[in-house]
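Visitor:
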DNA sequence: TCAGTCAGTTCGCTCGTTGAACTTAGAGGA
DNA sequence: TCCTCTAAGTTCAACGAGCGAACTGACTGA
């Protein structure tokens with residue numbers, strides 16, 4: 018049977034899960050942020066099967082996270098550019114980066130760090146409440162239907 | 018063939034992808050944050066196939082995001098409690114929540130909101146640099162190996 | 001005795017992922 | 001002319017994973 022789809026569920030976590038629950042997809046986006054634009058860039062960098070990459074890129078284009086642009090006409094050659102929606106997705110990767118660095122290494126610190134390209138200072142992603150600037154305490158949270 | 022594993026890759030995004038790339042897993046965690054503790058709670062709330070839930074709970078226990086605790090001896094009955102690592106994972110779900118709310122609905126605003134249990138005020142997750150409190154600009158980022 | 005609860009397991013079916021080979025359209029060199 | 005190379009895919013067989021439904025085992029309560 019077909020995998021249960023979540024992309025019409027009325028919950029933002031469910032819809033996002035539907036997208037990144039496709040195996041490889043977050044890594045395809047990670048590579049896009051590292052500047053990969055072409056089919057073989059991803060194949061080489063990730064070792065992703067070509068048929069899978071075809072499917073993932075198609076989905077990401079359809080979701081308007083990437084835009085497929087011809088950079089050569091004869092023969093037809095394409096590259097994939099991040100859209101505004103795709104760029105915004107970096108926040109999700111940054112949260113994964115932080116949690117993964119904190120908790121997925123035995124000694125409590127991952128081997129890689131993010132730094133500012135100019136100043137060289139470390140950038141440490143953290144999730145806060147936009148209104149207060151404070152970290153979010155799940156135990157004080159409730160879900161509410163937005164009035165329309 | 019076996020799905021390519023990312024859980025030993027030296028990148029926090031890859032390792033986190035390996036975990037949440039398992040179909041259903043982020044939703045299992047979402048339900049844990051809503052207070053689900055027992056096997057049939059998840060089956061009822063999500064409609065997840067029982068065999069899949071068994072596999073997901075096993076993985077989450079092995080990853081130490083949930084702890085399996087007997088709440089009854091005869092017959093043996095278990096519940097699953099969030100650990101510190103599991104609670105920390107909320108940040109990833111919050112980032113997914115925010116991005117999903119902003120971008121996965123046509124009109125730019127999801128149907129649900131997070132509010133403070135006491136004050137009733139809206140809580141809007143956002144990802145910032147912990148050192149500056151400012152949003153992260155991907156174009157100014159570089160990845161660096163941590164010196165050990 | 002019989003229905004109900006809970007936490008799973010088992011099963012047959014289908015879908016998705018994998019690695020390798022192949023395709024198509026052109027460029028550049030001997 | 002022929003050969004090799006590049007880029008962006010497509011095709012294919014094998015196999016692992018997800019699907020729904022039915023079943024199990026240990027108990028409880030009517």
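Chains as they are written, first to last, in our numbering: chain C, 18 to 165; chain R, 18 to 165. All C-beta atoms, glycine included, are put in the ideal place defined by N, C-alpha and C. As the structure is a computational prediction, the values presented were derived from the model and not from experiment.
1. Nearest to residue 82 (chain R) by CA position, among R:72, R:129, R:102, R:88, is which residue?
2. Relative to chain C, which residues along the segment 63-86 of chain R have a C-beta separation below 7 Å, given in chain order?
3. Tell me the DSSP bridge mates of residue 96 (chain C)?
4. Examine chain R for any beta-carbon lying closer than 7 Å to the beta-carbon of residue 123 (chain C), and answer yes or no.
5. Give the list of continuous alpha helix (DSSP H) stretches no shorter than 4 residues that lie fully inside the segment 22-71 of chain R.
6. Give the DSSP-derived three-state secondary structure of residue 18 (chain C) in the structure shown.
7. By DSSP, does residue 144 (chain C) sit in helix, in strand, or in coil?
8. Express the C-alpha separation of residue 40 (chain R) and residue 67 (chain C) in angstroms, rounding to a whole number.
9. Could you give the DSSP three-state label for residue 157 (chain C): helix, strand or coil?
10. Report the three-state DSSP secondary structure of residue 75 (chain C) (helix, strand or coil).
11. Which residues, taken in chain order from the segment 41-63 of chain C, show a beta carbon closer than 7 Å to some beta carbon of chain R?
12. Between which two residues does the beta strand (DSSP E) containing residue 133 (chain C) stretch?
13. For the alpha helix (DSSP H) holding residue 209 (chain R), just list the boundary residues, first then last.
14. Given a threshold of 16 other Cβ atoms within 10 Å of its Cβ, counted over all protein chains shown, does residue 43 (chain R) qualify as buried or as exposed?
15. Does any C-beta atom of chain R lie closer than 7 Å to the C-beta of residue 107 (chain C)?
16. For residue 115 (chain R), collect the residues of the same chain with a Cβ closer than 6 Å to its Cβ; drop the 5 residues on either side in sequence, then sort them by chain order.
17. Counting only beta-carbon atoms, is residue 168 (chain C) nearer than 7 Å to chain R?
18. Evaluate the contact criterion for the segment 107-114 of chain C versus the segment 43-57 of chain C: three or more CB pairs, one atom per stretch, below 8 Å.
19. Just the C-alpha distance for residue 64 (chain R) and residue 25 (chain C), rounded to the nearest angstrom, thanks.
20. Would DSSP call residue 126 (chain C) helix, strand or coil?
21. Within its chain, find whatever has a CB closer than 8 Å to the CB of residue 78 (chain R); leave out the 5 residues flanking it on each side and keep chain order.
22. At the 7 Å Cβ level, is residue 150 (chain C) part of the contact set with chain R, yes or no?
23. Below 8 Å on the Cβ atoms is my contact criterion, and I expect residue 157 (chain R) with residue 134 (chain C) to pass it. Report the Cβ-Cβ distance as a whole number of Å.
24. In three-state terms, what does DSSP make of residue 138 (chain R)?
25. Can you tell me whether residue 160 (chain R) is buried or exposed? The criterion is at least 16 other CB atoms within 10 Å of its CB, across all chains shown.
26. Measuring straight from C-alpha to C-alpha, what distance separates residue 124 (chain R) and residue 59 (chain C)?
Guide: In brief:
1. The residue given as residue 82 (chain R) occupies position 65 in the second chain. Nearest neighbour of residue 82 (chain R) by Cα position, chosen from R:72, R:129, R:102, R:88, turns out to be R:102.
2. none
3. On the first chain, residue 96 (chain C) is found 79 positions in, with the first residue counted as 1. DSSP lists C:86 as partners of residue 96 (chain C).
4. On the first chain, position 106 is the one that residue 123 (chain C) refers to. Not closer than 7 Å to any Cβ of chain R, the Cβ of residue 123 (chain C) fails to qualify, so no.
5. 29-37, 42-50, 56-63
6. On the first chain, residue 18 (chain C) is found 1 positions in, with the first residue counted as 1. In the structure shown, residue 18 (chain C) sits in coil (DSSP, three-state: anything other than H, G, I, E or B).
7. The residue given as residue 144 (chain C) occupies position 127 in the first chain. Residue 144 (chain C): strand per DSSP, three-state reduction.
8. For the purposes of this step, residue 67 (chain C) is identified with residue 50 of the first chain, where counting begins at 1. For the purposes of this step, residue 40 (chain R) is identified with residue 23 of the second chain, where counting begins at 1. Cα to Cα, residue 67 (chain C) sits roughly 21 Å from residue 40 (chain R).
9. To locate residue 157 (chain C), count along the first chain from 1; it is residue 140. Three-state DSSP puts residue 157 (chain C) in a helix.
10. Position 58 of the first chain, counted from the start, is the residue given in the question as residue 75 (chain C). Residue state, collapsed to three classes: helix.
11. 43, 44, 47, 50
12. One-based indexing of the first chain puts residue 133 (chain C) at position 116. Residues 129-133.
13. Residue numbering for chain R in the displayed model covers 18 to 165; residue 209 (chain R) lies beyond these limits and cannot be assessed.
14. As a working mapping, residue 43 (chain R) is identified with position 26 in the second chain. Label assigned to residue 43 (chain R): buried.
15. Position 90 of the first chain, counting from 1, holds the residue named residue 107 (chain C). Chain R contact via Cβ: present.
16. In the second chain, counting from the first residue as 1, residue 115 (chain R) sits at position 98. Within the same chain, residue 115 (chain R) has close Cβ partners 142.
17. Only positions 18 to 165 of chain C appear in the structure, and residue 168 (chain C) is not among them; the question remains open.
18. yes
19. Here the question's residue 64 (chain R) lines up with position 47 in the second chain. Here the question's residue 25 (chain C) lines up with position 8 in the first chain. For residue 64 (chain R) and residue 25 (chain C), the distance between alpha carbons rounds to 15 Å.
20. The count along the first chain starts at 1 and reaches residue 126 (chain C) at position 109. Reduced to three states, the DSSP call for residue 126 (chain C) is coil.
21. Indexing the second chain from 1 puts residue 78 (chain R) at position 61. Short of 8 Å from the beta carbon of residue 78 (chain R), and not among the five residues preceding or following it, lie these beta carbons of its own chain, in chain order: 84, 85, 97.
22. Within the first chain, the letter at position 133 stands for residue 150 (chain C). With 7 Å as the cut-off, residue 150 (chain C) counts as an interface residue toward chain R.
23. As a first step, residue 157 (chain R) is located in the second chain; it is residue number 140 there, counting from the start. As a first step, residue 134 (chain C) is located in the first chain; it is residue number 117 there, counting from the start. Yes, residue 157 (chain R) and residue 134 (chain C) are in contact; Cβ-Cβ is about 5 Å, under 8 Å.
24. The residue given as residue 138 (chain R) occupies position 121 in the second chain. Correct three-state label for residue 138 (chain R): coil.
25. Taking the second chain and counting its residues from 1, one reaches residue 160 (chain R) at position 143. Classification of residue 160 (chain R): exposed, given that the 10 Å Cβ count is below 16.
26. Here the question's residue 124 (chain R) lines up with position 107 in the second chain. Here the question's residue 59 (chain C) lines up with position 42 in the first chain. So the alpha carbons of these two residues sit roughly 32 Å apart.
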